[in-house]
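Q: Residue numbers (this note's numbering), protein chains in the order written: chain A, 73 to 313; chain B, 218 to 444.
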Amino acid sequence: MSPTTSSRFDFELLTVSDVSRVYGRHRALSKVSLTLRMGEIVGLLGPNGAGKSTLLSVLATLTVPSAGSVRYGDVSAREGGPALRAQLGYLSHDLQLYPELTARENLEFFAELYGLEAPSRCGTEALVKARLTTRADDQVLGFSRGMRQRLALERVLLHQPRLVLLDEPFTGLDEMSSRALIERLRELKSDGRIVVLATHDLDLVQNLVDRVVILRNGQVVELATGDGSLKNRYREEMRLK
Amino acid sequence: MKSFLRVAWLVMRKDLRVESRSREMLYTTLFFSASCVLVFSFAFVREGRPVEGAAAGILWIAVAFSGTLALARAFERERQHDVLRGLLLAPIDRPAIFVGKLLGIVLLMVVVELVVVPAIALLFRAPFFAHPFLMATLLGTGTIGFAAVGTLFAAMLIRTQSRAVLLPILLYPMTVPVLIAGVGGTVALLQPEANLALAKFWLAMLVFLDVTYLTLALWTFEPVMTE
Numbered sequence: 073m074s075p076t077t078s079s080r081f082d083f084e085l086l087t088v089s090d091v092s093r094v095y096g097r098h099r100a101l102s103k104v105s106l107t108l109r110m111g112e113i114v115g116l117l118g119p120n121g122a123g124k125s126t127l128l129s130v131l132a133t134l135t136v137p138s139a140g141s142v143r144y145g146d147v148s149a150r151e152g153g154p155a156l157r158a159q160l161g162y163l164s165h166d167l168q169l170y171p172e173l174t175a176r177e178n179l180e181f182f183a184e185l186y187g188l189e190a191p192s193r194c195g196t197e198a199l200v201k202a203r204l205t206t207r208a209d210d211q212v213l214g215f216s217r218g219m220r221q222r223l224a225l226e227r228v229l230l231h232q233p234r235l236v237l238l239d240e241p242f243t244g245l246d247e248m249s250s251r252a253l254i255e256r257l258r259e260l261k262s263d264g265r266i267v268v269l270a271t272h273d274l275d276l277v278q279n280l281v282d283r284v285v286i287l288r289n290g291q292v293v294e295l296a297t298g299d300g301s302l303k304n305r306y307r308e309e310m311r312l313k
Numbered sequence: 218m219k220s221f222l223r224v225a226w227l228v229m230r231k232d233l234r235v236e237s238r239s240r241e242m243l244y245t246t247l248f249f250s251a252s253c254v255l256v257f258s259f260a261f262v263r264e265g266r267p268v269e270g271a272a273a274g275i276l277w278i279a280v281a282f283s284g285t286l287a288l289a290r291a292f293e294r295e296r297q298h299d300v301l302r303g304l305l306l307a308p309i310d311r312p313a314i315f316v317g318k319l320l321g322i323v324l325l326m327v328v329v330e331l332v333v334v335p336a337i338a339l340l341f342r343a344p345f346f347a348h349p350f351l352m353a354t355l356l357g358t359g360t361i362g363f364a365a366v367g368t369l370f371a372a373m374l375i376r377t378q379s380r381a382v383l384l385p386i387l388l389y390p391m392t393v394p395v396l397i398a399g400v401g402g403t404v405a406l407l408q409p410e411a412n413l414a415l416a417k418f419w420l421a422m423l424v425f426l427d428v429t430y431l432t433l434a435l436w437t438f439e440p441v442m443t444e
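1. Are there three or more Cβ pairs, one per stretch, closer than 8 Å when the segment 254-270 of chain A is compared with the segment 119-132 of chain A?
2. I361/B and L276/B - do their beta-carbons sit closer together than 7 Å?
3. How far does the beta strand (DSSP E) with A139/A in it reach, from first residue to last?
4. Taking C-alpha atoms, which residue in A313/B, E241/B, L304/B, K318/B lies nearest to S164/A?
5. Hey, how far is the Cα of R220/A from the Cα of T443/B?
6. By Cβ distance below 7 Å, which residues in the same chain neighbour S258/B in space, the five residues on each side in sequence not counted?
7. Helix or strand or just coil, what does DSSP make of I309/B?
8. Would you mind reading off the limits of the alpha helix (DSSP H) that contains E180/A?
9. Determine the DSSP secondary structure at T135/A, reduced to helix, strand or coil.
10. Give the DSSP-derived three-state secondary structure of T76/A in the structure shown.
11. Given that a residue counts as buried once 16 or more other Cβ atoms are within 10 Å of its Cβ, and exposed if not, what is W419/B?
12. State the Cα-Cα distance for the pair D299/B and E264/B, rounded to the nearest angstrom.
13. Tell me the residue span of the alpha helix (DSSP H) that contains K95/A.
14. Should V209/B be labelled buried (16 or more other beta-carbon atoms within 10 Å of its own) or exposed?
15. Using the Cα positions of F425/B and A289/B, report the straight-line distance between them to the nearest angstrom.
16. Looking at chain A, is there any beta carbon in it that lies within less than 7 Å of the beta carbon of P308/B?
17. What does Q168/A reach in chain B if we use C-beta pairs closer than 7 Å?
18. Within 10 Å of its beta-carbon, does L238/A have 16 or more other beta-carbons around it, so buried, or fewer, so exposed?
19. Out of S192/A, E172/A, L160/A, V94/A, which one is the CA nearest neighbour of L225/A?
20. For I386/B, count the other beta carbons within 10 Å of its own beta carbon; 16 or more makes it buried, fewer makes it exposed. Which is it?
21. Please give the ranges of any alpha helix (DSSP H) in the segment 181-230 of chain A, keeping only runs that are unbroken, at least 4 residues long and fully inside the region.
22. Candidates A122/A, F83/A, K124/A, I286/A: which alpha carbon is nearest M58/A's?
23. Please classify P233/A: does DSSP put it in a helix, a strand, or coil?
24. For the beta strand (DSSP E) holding S283/B, just list the boundary residues, first then last.
25. Ignore the nearest five residues each way along the sequence and tell me which others in L227/B's own chain have a CB closer than 8 Å to its CB.
26. What span of residues does the alpha helix (DSSP H) with L162/B cover, start to end?
27. Quick one: does V316/B have its CB under 7 Å from some CB of chain A?
28. Please return the same chain residues whose Cβ sits closer than 8 Å to the Cβ of V332/B, not counting the five positions on each side in sequence.
29. Does the beta carbon of G214/A sit closer than 7 Å to a beta carbon anywhere in chain B?
30. Alpha carbon to alpha carbon, how far is V114/A from Y306/A?
31. Closer than 7 Å by C-beta to G123/A: which residues in its own chain qualify, once you throw out the five before and the five after it? Chain order, please.
32. Taking Cβ-Cβ distances below 7 Å as the criterion, which residues of the segment 105-127 of chain A are in contact with chain B?
33. Return the residues of the segment 174-191 of chain A that lie within a Cβ-Cβ distance of less than 9 Å from chain B, sorted by chain order.
34. I need the boundaries of the beta strand (DSSP E) containing Y170/A, first residue and last residue.
35. Chain A beta carbons: is any one of them nearer than 7 Å to that of A227/B?
36. Roughly how many angstroms separate the alpha carbons of G402/B and H231/A, rounded to a whole number?
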């Protein structure tokens, strides 16, 4: 798989500085600052409504911050434009697939949209990674949540983005699929990608992520995972809420 | 430009493929427009003679209302599964998404017109085929103008809960000039002795409206779609 657009622009560091996002009277994010480095998996934790999805959407350049800035290497989202977007992969809670299309058609459509060389080959390789080769020509409509999740993840990774943003990627996955996803995320980390995943599954996150960012009422509390006490500290944070 | 057209083509091809499997927009618009023509034929045709000018009005009413039905569903697939974010995140010129969606809607409306025009010609004894080129151009330009405004509004309302109510409220006042020009041109063509000069005047008006609406839509699509 060789993306045609990604070679134009790349970054190794993502810097979020004092980012706030306000919807009417509701402050979804409040002065969030953090730095993400290549080859790092960062877990985004927090209760419902803490601002995890908003932060992911801001990082994906789909939501403009009300204040503060996000810089991808040396450029902002506005400066980066399409070349920057070619380096972003974002899987939201809804899976961004067309149910009426087959798995192969979904992958090929997005491969063509991203201007990848040989979209058909890209699609086939993604189907292998999603373990869906036997269902390649079936409409996504008939897939289980787990199958859709695997397909959606490979759809997001088609163009080999530098920054991978995943919102609840373990939803609907059985144990085997969860393990496969963890292996896939470790592969991405070793490839030098920056992975940010929002999740509630602390057991999975504890042994996977390099750092954890806990959001509470739109504000960040950053914790390291090295001492293995993530779960207790997360619960402590949630109790404070 | 080549990349822009390629993306527009991809989006349109995808929409047609999805529609060919679900056929929900096609069936809805066809049944509605056919019913509309049939019901009006009972009201406006007496003893085999239609009310003068009724055929032109009914044609554009059928086109506008069935077009609204299609437009209400235009971005529904993107909304339901959040695919819109996937499209917006792609490294493409975002207005190309608008053009792709617009082309899909226009094609669907053309299919409806291919059914409605012969039906009205038959039921209202309207000479739609006396000046086929002018008639087709009038319908084509009118359809593009109506669909351009409608596609933009459908996109704007994608995150709005009451979009089904808001779409016609926004769409009809904006597209009244298109509908008036369409009806005016069609009436001029359907007269016993067609008034070609008048028909061409209304056609020029439609072309002007198309250019205005398309320019505004292409200009505003990206800011409207990004938060």
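C-beta: ideal position from N, C-alpha, C; glycine also.
All values derive from a computational prediction rather than experimental measurement.
A: Judging by the given coordinates:
1. yes
2. no
3. 139-144
4. L304/B
5. 26 Å
6. L340, F341
7. coil
8. 175-185
9. coil
10. Here the model assigns T76/A a pLDDT of 46, short of 50, so the residue's position is not dependable, and the following value carries that caveat. It is coil, neither helix nor strand.
11. buried
12. 54 Å
13. Lys is not the amino acid found at residue 95/A; the sequence shown has Tyr there. It is not in any alpha helix (DSSP H) - Y95/A instead sits in the beta strand (DSSP E) that spans 85-95.
14. Residue numbering for chain B in the displayed model covers 218 to 444; residue 209/B lies beyond these limits and cannot be assessed.
15. 25 Å
16. yes
17. H298, D299, V300, R302, G303
18. buried
19. L160/A
20. exposed
21. 191-201, 217-229
22. An answer regarding residue 58/A cannot be provided, because it is not within the stretch 73 to 313 covered by chain A.
23. coil
24. S283/B -> not in any beta strand (DSSP E); alpha helix (DSSP H) instead, spanning 271-291.
25. G317
26. Beyond the ends of chain B as shown, which are 218 and 444, falls residue 162/B; an answer cannot be given.
27. no
28. L247, S250, A251
29. no
30. 15 Å
31. A100, L101, L287, G290
32. none
33. E177, F181, F182, E184, L185, Y186, G187
34. No beta strand (DSSP E) holds Y170/A; DSSP gives it neither H nor E.
35. In the sequence as presented, Ala is not what sits at residue 227/B; that position holds Leu. At least one chain A Cβ lies under 7 Å of L227/B.
36. 50 Å
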